[in-house]
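Numbering (this note's numbering), first residue to last: 1431 to 1621.
So the structure is just underneath, and the comments pick up after that.
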């Protein structure tokens, strides 16, 4: 039995290019109505405001640190998907770093408060920390100061957790401080 033919973007793109303006707007309206993820994406891309990042922050934090009485599971993949969705929708490096820090903050709090975590969980936190470090030098100075302050708070909390996570945060901050000529960036409120 032959495998079904894989669908390609080029086929959809050709159809989209054939649509007039009204047809394209109608299609986008249908996508908007189809599900919440589409609505979030379209708002973030086409009508950005401060509520967009707040909604993504909530998604990330709730996925990593759900209410312990809700019986919802920790969903690392959902948190990572929300960050990727925001990045695709906005191309906002500062906002993406904000969400990655929210990921690490919520994950660290979850691990410290409830003793949650395993190797894969802490690997996911480490991946986000490494991504923050990679983007750090590209951020505006005031955003870097805010990032450094948030990382400092994570550092304190990370030592309440096992798996060598506190040491990993220490190493990351040492490397960031070395890249800023040893000058510690000032503390700035989270938001």
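Don't be surprised by glycine CBs; every beta carbon is placed ideally from N, CA and C.
All values reported here derive from a predicted model rather than from experimental measurement.
Local conformation of residue i per DSSP, three classes
i, result
"residue 1470", "helix"
"residue 1503", "coil"
"residue 1546", "coil"
"residue 1435", "coil"
"residue 1486", "helix"
"residue 1594", "coil"
Rounded C-alpha distance that separates residue i from residue j
i, j, result
"residue 1532", "residue 1487", "7 Å"
"residue 1570", "residue 1434", "48 Å"
"residue 1565", "residue 1432", "45 Å"
"residue 1479", "residue 1576", "20 Å"
"residue 1501", "residue 1592", "24 Å"
"residue 1444", "residue 1454", "13 Å"
"residue 1551", "residue 1468", "28 Å"
"residue 1519", "residue 1482", "10 Å"
Own chain partners of residue i with C-beta closer than 7 Å, once the 5 adjacent residues on each side are dropped
i, result
"residue 1522", "none"
"residue 1562", "1527, 1530, 1531, 1577"
"residue 1587", "1538, 1539, 1542"
Same chain, Cβ closer than 8 Å to residue i, neighbours up to 5 away in sequence not counted
i, result
"residue 1585", "1596, 1599, 1600, 1603"
"residue 1540", "1494, 1495, 1504, 1546, 1547"
6 Å Cβ shell around residue i - same chain, five flanking residues per side excluded
i, result
"residue 1505", "1493"
"residue 1517", "1526"
Point to revise | Contiguous alpha helix (DSSP H) assignments of at least 4 residues, all confined to the region 1509-1580 | key: 1523-1544, 1549-1566
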